[in-house]
Amino acid sequence: MSAPTEGQAPAVAPGTATQPGDPGTPGAEAAERSAGSVLQSIARSNVLVVVLAFVFAFVVGSVLILVSDVDVRAAAGYFLSRPGDLIGASWTAITEAYAAMFRGAVFDLPGARKVADDIAERGGSGLYLLGPAFLRGIKPLLETLTVATPLIIASVGMAVSFRSGLFNIGGTGQLIVGATAAGYVGFAIDLPVVIHLLVCILAAIVAGGLYGGIAGFLKARFGASEVITTIMLNWIATYALAFALTTSAFTGANKAQPTSPAIAGTARLPLLAGDQYRLHLGLVIALLAVVFLWWLMSRSTLGFRFRAVGSNPRAAEVAGIDVGRSAIGVMVVAGALVGLAGGVHVLGTEQRLTGSIAGSIGFDAITVALLGRSGPVGILLAGVLFAGLSTGGRFMESAQGVPIDLVQVIQALVVLFIAAPPLVRFLVGLGGVDRPRAPRRRTATGAHAAPVLAADAAAVAAAEGPAAPREGAHRAPVEPAADGGAQPPGPPGDPAEPVGPVDSADPADPAGTHSTVDPCGPDAPKGENA
Amino acid sequence: MSTLVQDPVPVADAPVVPVRTSERLRSWWHLPTALTVLALAALLVFGLGSPAADSTTFRLAAEGDLNPGGIVPGDVAIPARVLAIVLAALCLVIAGVLWWASATVTALGRWRTALVVVFGLLWVIAFLDWAFHGATVDVGAMLQTMMVLAVPLAFGALSGVLSERSGVINIAIEGQLLMGAFGAVLVGSMVGSPWAGLIAAPVMSLLIGVLLALFAVGYRVQQIIVGVVLNVFAIGLTSFFFGTVMKQNPQMFNQPLRLPTLRIPLLADLPVIGRVLFEQNILVYLMWIIVAVLTVALFRTRWGLRVRAVGEHPRAADTVGINVNGTRWGNVLLGSAVAGLGGATLTIGTGVAFGEEMSAGKGYIALAAMILGRYHPVGALAAALLFAFTDALQLRLGTLPTGSGAGIPSQFLLMLPYIVTLFAVAGVVGRVRVPAADGVPYVKQ
């Protein structure tokens, strides 16, 4: 199973600032590396693809809003007589929907203003006024972070399995099992304050790990595809929970209601921002999980084994790594993390067990991990982003009557577009970058088509930090080999030359200054040289 | 998607020739052990679990059936415990035969499959006997429910067979079913005829098929990812339109329509199986036709050979001039159209309006049915019928009068297909051989 996600892992490692745009560019073209080449590497950058993916997804979302809006359809009925009406109605429908989404996800300006006016009426001013108003304004943001908490933790679990070459689709099941274990310990057992919480969390981790381990065991022992087994385990867990919630052990006194009693106060995750907000300590756990992902995959021996098996099982086996045991280990770790997400969700946000406790977190976590390219920083950003989309979507639904399902469509489209960068570039007319056999035309198209987006892309690149072009890095090992083994690819300093989206790509710059970030690209050829 | 393969020479579809191998397979004890455990469970749970006083009534023939001279008895009442013990004993005998055959490496050929099937039937009857003790099992009605529930699963599984035989993993069956159900109702209501919906359903789910082929074949994105994301996409899209357009004007866009039932005279009056086979709507007949046509087409025609070649060894297929990615495109599109028919069954086939996420995981059960059916149309149909049977059973058991029956929680029956599939992919139920190039994008060199 060669996953595109695997190879991308290094590209998102923290601190990846710049990488050579295309280390394989023959040295003869060094002189020509001017504006065209810089633009080309911009066109290849991941940031551009991500931004464009969002633009396209939101464009499709807008179309859906238009189709569903009654006013717009009414105006379309007499389009020929008064075209202005249609345009006006369309504009109103789209902007209001997206404005509501922002208001529900990030900052509630009208709400803040109302609080401010209230206090001003009662004679308050200065900090006394701004403080409460600001707190009211960021309420949606805190809610977004609350929603993001389990999503991020679960995505970390997904990322572990994706980077180890296993497709864990079993987020839902592992989440349910973790939530059930944590919830049961939470409401059925009496323990002192801190210990109770810790035991609950431990229960979630152990349960999730064991449940994930089933799929790992079936893979290692019988070679059963983890995709199928995890999907099956999702449904088994769903129905098992549904059954559990009909028994008196789980529902307590009220057996007719398929929900558990509330989690005991001693087992709840403490709130971080006061009683009005749901934000809880789980956010810190999420941050720790992200750090754990970085440590596990980039620093630990275990993570190295996992990655080795993920990128080439046969080579790993030859090197003495037990592939079967690694599969079990990966699934246990991934399941434990996803189970932890379930535990945090039930102990902090939901505070009682219901049949739909997992919601769509299990599948959303997959998309978040894909969007974040299975890296720590990426997952953090993608998790908050997706959570913001869904909290914003919920507000949009109540305020504008646009169903929250629109958000699902947008999320799915974003992931699809990001998974296929060539498609995105093709859609904006930069398809030439992807035709490797025609270097002449490639430069020409790049130079020709890029100016349209150059300003846009450069601004984005400057704002979000330079990107690491994956295609370039991916192609690197191939082209030097094609040049011939004896001849090093270009002048020694040349491949190390950073041609990121940073505009100051001065050819005279000594190679050493920028090459610190990319250990294998520039250094490997030099090593061969010496 | 690699499942353990222990066949020395994997033959894709040809009937397994009884070969006498001198060595036992490492997994020789799997099947006999599983059957013995099941038989003992039947003996202990079904046999000793049924009250001695109760009896189970099996209703075979109903009034008005074509039943000259009462050949098929109407209601048959049998003491529950006796029947269960007898059936369990027979199951044990079959398990014993298989122990002997496996241990002495006697190749049973087709007898082996037949024995397993008979075992399954006996076990299921024992189970019914126990689950319904003190009540009546209306066999005809149960089979009828099973058939209704099996059709969407079968179409979905056939969609999976079509695309996976050509080497494209199709997790997006769920989305295809949903789009089919949605398209059938939407277009059917707008035109005012279920027949328009029947045509619209496959067309609508082609949207998912096109996206799947575009990303999986065209842009070589990981196929599992594409499938999962497309399911999310389909759920979002249909729910969005359900919440807006359909809710605003259900009369115009979301009417419960129903395809007419086509009754074949005389045959439909046969007891037990008459209504199940010969009094259905066109979708059910279409399903039988598609299964037959697909079986012949995949294994007896040039097209089928090419499809399987593309799924097993795309480079070899390319070398002899077969357009690999073209074949895959074609099969994915064809498959999604077939799944669209399955989606139509959910709405215009059963006469209900569209509802949010109404496929409710049927696409994943279809996936399971395809795997359990070993990527073969007939196997997929059999597995779909099996899974639908557990679902029908669950529905029937829910309506049992209190005081009778074994009181099995419906959740466990709902879980059953997934558990069976789990064992199947683990190679305990039977070895599943995945097309060799399933999920591997092809890059021409």
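Chains as they are written, first to last, in the numbering used here: chain S, 1 to 530; chain Z, 1001 to 1445. Where is the CB? At the ideal position from N, CA and C, for every residue including glycine. As the structure is a prediction and not an experimental result, all values here were calculated from the model.
Three-way DSSP call (helix, strand, coil) for residue 1059 of chain Z in this model: strand
Integer-rounded CB distance, given that residue 268 of chain S should sit under 8 Å from residue 347 of chain S: 6 Å
Within 8 Å, strictly: CB atoms of residue 570 of chain S and residue 429 of chain S: The structure shown does not extend to residue 570 of chain S, since chain S spans only 1 to 530, so no value can be given for it.
Burial state of residue 1271 of chain Z, where buried means 16 or more other Cβ atoms lie within 10 Å: buried
Same chain, Cβ closer than 7 Å to residue 241 of chain S, neighbours up to 5 away in sequence not counted: 176, 180, 355
Cβ contact (3+ pairs, closer than 8 Å) linking the region 1164 to 1172 of chain Z and the region 1214 to 1225 of chain Z: yes
Beta-bridge pairing of residue 1262 of chain Z - partner residues as DSSP gives them: Z:1280
Residue 393 of chain S Cβ short of 7 Å to the ligand NAD heavy atom set: Ligands in the displayed structure: none, and consequently the ligand NAD is not present.
Residue 304 of chain S versus residue 405 of chain S: straight-line alpha-carbon distance, rounded: 39 Å
Residue-chain proximity (residue 218 of chain S, chain Z), Cβ-Cβ < 8 Å: yes
Positions along the region 1347 to 1375 of chain Z whose CB lies within less than 9 Å of some CB in chain S: 1356, 1361, 1364, 1365, 1367, 1368, 1371
Residue interval of the alpha helix (DSSP H) (run including residue 1448 of chain Z): Any answer about residue 1448 of chain Z is impossible in this case: the structure gives chain Z only from 1001 up to 1445.
Under 8 Å by beta carbon: chain S residues contacting residue 1239 of chain Z: 403, 405, 408
Alpha-carbon to alpha-carbon, residue 1149 of chain Z and residue 341 of chain S: 35 Å
Residue 1138 of chain Z, enclosing beta strand (DSSP E) - first and last residue: 1136 to 1138
CB of residue 1157 of chain Z within 8 Å of CB of residue 1424 of chain Z, strictly: no
Residue range of the alpha helix (DSSP H) that includes residue 1179 of chain Z: 1173 to 1191
Assigned secondary structure, residue 1030 of chain Z (DSSP; H/G/I helix, E/B strand, else coil): helix
Same chain, Cβ closer than 7 Å to residue 278 of chain S, five either side skipped, listed in chain order: 143, 146, 349
Neighbour flag for residue 1443 of chain Z against chain S, beta carbons, 8 Å: no
Cβ neighbours of residue 1356 of chain Z in the same chain (closer than 8 Å, five flanking residues each side left out): 1238, 1239, 1242, 1243
Paired residues, beta bridge with residue 280 of chain S - DSSP: S:271
Meets three-Cβ-pair contact criterion under 8 Å: the region 1031 to 1041 of chain Z and the region 1088 to 1096 of chain Z: yes
Nearest to residue 1324 of chain Z (by Cα), restricted to the options Z:1435, Z:1333, Z:1275, Z:1309: Z:1309
From Z:1289, Z:1279, Z:1283, residue whose alpha carbon lies closest to that of residue 1141 of chain Z: Z:1279
Beta-ladder partner(s) of residue 259 of chain S, from DSSP: S:354
Unbroken stretches of the beta strand (DSSP E), 3 residues or longer, contained in the region 1097 to 1173 of chain Z: 1136 to 1138
Reduced DSSP secondary structure (H/G/I, E/B, other) of residue 1399 of chain Z: coil
Three-way DSSP call (helix, strand, coil) for residue 1358 of chain Z in this model: coil
Rounded C-alpha distance that separates residue 1412 of chain Z from residue 243 of chain S: 8 Å
8 Å Cβ cutoff, residue 98 of chain S in contact with chain Z: no
Where residue 1130 of chain Z falls, given that 16 or more other Cβ within 10 Å makes a residue buried: buried
Within 8 Å, strictly: CB atoms of residue 427 of chain S and residue 57 of chain S: no
CB contact flag (residue 170 of chain S, residue 215 of chain S, <8 Å): yes
C-beta neighbour in chain Z for residue 411 of chain S, strict 8 Å: yes
Residue-chain proximity (residue 1243 of chain Z, chain S), Cβ-Cβ < 8 Å: yes
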